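Residue numbering for the sequence shown follows the numbering used here, beginning at 65 and increasing consecutively.
Every residue gets a Cβ at the ideal spot worked out from N, C-alpha and C, and that includes glycine.
Predicted model only: the values in this text are computed from it and were never measured.
One structure below.
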Amino acid sequence: MSLERAIDLTLQRWVRKRTASDELARAAAAASRDEGAGHVCSALIEEEFSDADIAALRAHTWVGDGLHFTPFVLDANSNFYTWRNWRHETRVADGLLARSRARTLPLAAAQLAHDVEELFAGSDVQATRWQRAAVGAAPGARVFVLTGGPGTGKTTTVLRMLLMLLRHAQGCGLPATPRIALAAPTGKAAQRLGEAIAAGKQRLRAQLAGDSAFLPLLEIVADGQAQTLHRLLGFRPHDNAFARNASRPLDADIVVVDEVSMIDIAMMRRLLDALRDDAVLILLGDPGQLYAIEAGSVLGDIAASVPENALPGPLADTLGIHAQQSTAPLAGQVITLTHVWRAGGDLRHGLDALRRGEANSIGDSDALRLRECADVAALRARVAAWLDAHACYEKLVHPTLAPEAAPALLQQAQVLCALREGPFGVAGINSLVTTALAERGCFDAAAEWFHGRPVIITRNDYTRELFNGDIGIALDNGNGLRVWFGNGAGLRSFSPRTLPAHETAWAITIHRSQGSEYRDVAVVLPPDAESRILSRELLYTAVSRATTSAEIWTSAATLHAAAERQVRRRGGLRERLTANNPGQ
């Protein structure tokens with residue numbers, strides 16, 4: 065049970081004062097409290113409501129069954145919703161199911177096989193099995209969900225999916241030259257998506273035959289055009305609303321959204337509402353990562369609504385694939401990539417173990433190692449050893465560092481923390497790193513700003529196009545200190561005085577690291593194994609930010625507690641998506 069907040073108690077008093085109902089006041093407080101913990105609804109049976117209490121709630125004029133507006137909704141399973149969350153969940157489910165029913169199979173098996181082989185020419189058939197299945201299953205779908213862990217090739221697969229849709233656009237009910245929009249929940253994730261698509265285009269351009277019909281289609285997929293979901297939907301800060309909605313839908317014919325695990329139920333509803341019925345939505349993400357900060361576990365619920373890589377019989381026959389068959393509404397429109405292409409086998413095996421909740425194998429290799437760290441003295445020693453092992457820190461504060469070289473250095477190593485405050489939190493680690501580097505003569509520890517200080521934006525600034533999670537670096541190359549953001553030709557600089565809210569970023573929270581990638585990461589967990597922040601998803605998300613190696617700074621007891629504690633968010637989306645298939 066989550067701790068009650070002031071807003072929960074205030075709502076409880078307000079409802080009791082206006083309805084004189086203790087049952088409704090308690091239920092309202094529970095719904096508010098659970099929403100704050102990420103749940104879409106509250107399970108009244110778990111809240112120790114009696115049958116009589118629940119019956120009284122069902123009879124109350126403020127509580128309905130969802131068919132008409134009431135402030136609260138109580139479903140058949142005694143799950144208690146605010147009207148807002150009920151509408152979010154039902155609209156998301158209805159939108160996804162409507163899109164699943166609209167799928168067609170517009171291409172003959174022979175044509176599909178030819179095109180898929182052309183797009184994957186020279187690749188290992190078994191290793192690319194599910195990539196090929198996703199590309200072959202994309203034509204005719206109005207929604208497609210591609211999941212997989214780090215290094216499984218989600219963005220390279222989606223590029224091939226886009227090429228397949230472009231080549232057969234009119235057969236798929238799209239304009240001859242469809243408009244494509246690329247988006248992600250955060251600025252950092254959008255930047256990475258754009259970079260991954262651009263890099264994938266280069267590789268595919270070199271792989272395709274010179275006379276391939278797909279080559280000219282690569283130019284339709286624009287480089288570096290990914291944007292945040294808020295920008296895609298036209299967020300208006302002055303009234304906290306979005307310009308794009310059901311009344312004014314998006315112009316895009318194909319919308320690709322990455323890092324969907326970060327999207328809450330309300331934002332998914334806004335996205336679905338803003339799509340035209342004939343548009344194609346492609347969602348990418350890793351269900352093993354942290355859920356959205358706000359309510360809901362959308363990607364996890366969608367993925368769980370279908371057995372892994374199960375296909376409807378007609379689609380399996382068309383693709384020529386032997387797979388488990390399913391009649392689930394989204395079967396064939398949810399594909400999980402399982403082959404990992406990224407180097408670093410030991411790290412990959414460690415991530416697989418963490419996904420299953422197994423922590424015993426950690427520490428067997430240099431790629432993923434537990435560093436026992438139970439007190440501040442041990443933490444100070446770990447920071448010193450980390451700085452010794454990573455020359456990028458002293459290079460970042462070197463007086464001759466040029467802005468163009470900074471982004472690559474910033475991606476070499478990063479400390480990620482579960483907490484914000486305290487010695488084991490972002491504040492404590494940033495202080496330790498700053499002090500340690502200052503003692504090495506790199507800069508004046510008393511200075512707020514110094515050459516080489518990394519900063520992370522903590523509040524969106526739409527005027528300057530700086531967004532929560534963007535990381536920059538302060539550099540003074542003789543013309544005054546400026547803070548640089550971006551990469552390559554996209555570098556931009558700002559005066560420190562003009563930045564929106566920001567913090568030092570030697571260490572950042574695991575939540576803010578989502579959508580980022582680093583060569584090496586250090587994951588700092590509180591030594592208290594009972595800490596409420598710990599979860600398998602938190603640990604997996606942190607370690608999966610690394611491409612080469614990860615260290616976990618904590619106690620063995622905390623590590624095992626985190627790996628074993630899986631987050632379960634209450635809501636009915638999965639059940640709604642399997643309503644026609646109770647056996648799924």
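Asked	Found
Buried versus exposed, by CB contacts within 10 Å (16 or more), Trp78	exposed
Contact check, Ala197 vs Ile385, beta carbons under 9 Å	yes
Terminal residues of the alpha helix (DSSP H) in which Gly492 lies	Val490 to Glu503
Expected contact under 8 Å - CB spacing of Ala338 and Pro313 to nearest Å	6 Å
Beta-carbon proximity list for Gln648, same chain, < 8 Å, skipping 5 on both sides	Residue confidence is low: Gln648 scores 43 on pLDDT, short of 50, so the model does not pin down where it sits. No coordinate-derived value is stated.
Proximal residues to Ala166 (C-beta, below 7 Å), its chain only, five neighbours per side dropped	Arg206
Proximity below 9 Å, CB of Ala245 to CB of Ile318	yes
Endpoints, the alpha helix (DSSP H) within which His152 is located	Trp147 to Arg165
Residues of its chain near Thr216, where Cβ-Cβ distance is below 6 Å and the 5 sequence neighbours each way are ignored	Leu401 and Val404
Ile493 versus Glu567: straight-line alpha-carbon distance, rounded	12 Å
Limits of the unbroken alpha helix (DSSP H) element including Pro518	Per DSSP, Pro518 belongs to no alpha helix (DSSP H); it is in the beta strand (DSSP E), Pro518 to Ile521.
Contacts around Leu223, its chain only, beta-carbon distance under 8 Å, and the 5 residues preceding and following it disregarded	Ile261, Gly264, Lys265, Leu268 and Val285
Simplified DSSP state of Val207, which is helix, strand or coil	strand
Cβ neighbour criterion (16 or more within 10 Å) applied to Asp188	exposed
When Gln476, Leu545, Asp158 and Tyr457 are compared against Gly505, the one with the closest alpha-carbon	Tyr457
Span separating the alpha-carbon of Ala120 from that of Ser85	9 Å
Rounded distance between the beta-carbons of Ser608 and Asp584, thought under 8 Å	Incorrect: roughly 13 Å between the Cβ atoms, too far for contact.
Own chain, CB closer than 7 Å to Arg243, minus 5 neighbours either side, in chain order	Asp315, Ala316 and Asp317
Segment limits, beta strand (DSSP E) that includes Thr642	It is not in any beta strand (DSSP E) - Thr642 carries neither H nor E in the DSSP assignment.
Distance between Arg90 and Ala538 (C-alpha atoms, nearest Å)	50 Å
Segment contact, 8 Å Cβ cut-off, at least three pairs: the segment 497-511 with the segment 453-472	yes
For Glu704, the three-state DSSP class (helix, strand or coil)	Here the chain covers residues 65 to 648 and nothing more, so residue 704 does not appear.
Reduced DSSP secondary structure (H/G/I, E/B, other) of Val607	helix
At least three beta-carbon pairs within less than 8 Å, the segment 544-560 to the segment 506-520	yes
Secondary structure of Arg546, DSSP reduced to three states	strand
Continuous beta strand (DSSP E) assignments of at least 3 residues falling wholly in the segment 187-236	207-212
Classification of Asp158 by the beta-carbon crowding that lies within 10 angstroms, buried from 16 upward	exposed
Test item: CB-CB of Phe507 and Pro591 under 9 Å	no
With 16 other Cβ atoms within 10 Å as the buried cut-off, status of Glu112	exposed
Ala449 burial status per 10 Å Cβ neighbour count (16 or more: buried)	exposed
Enclosing alpha helix (DSSP H) for Gln578 [first to last residue]	Segment: none, Gln578 is in no alpha helix (DSSP H) and carries neither H nor E.
First through last residue of the alpha helix (DSSP H) which encompasses Cys456	Cys456 to Leu460
Length of the line joining the Cα atoms of Ser114 and Thr146	20 Å
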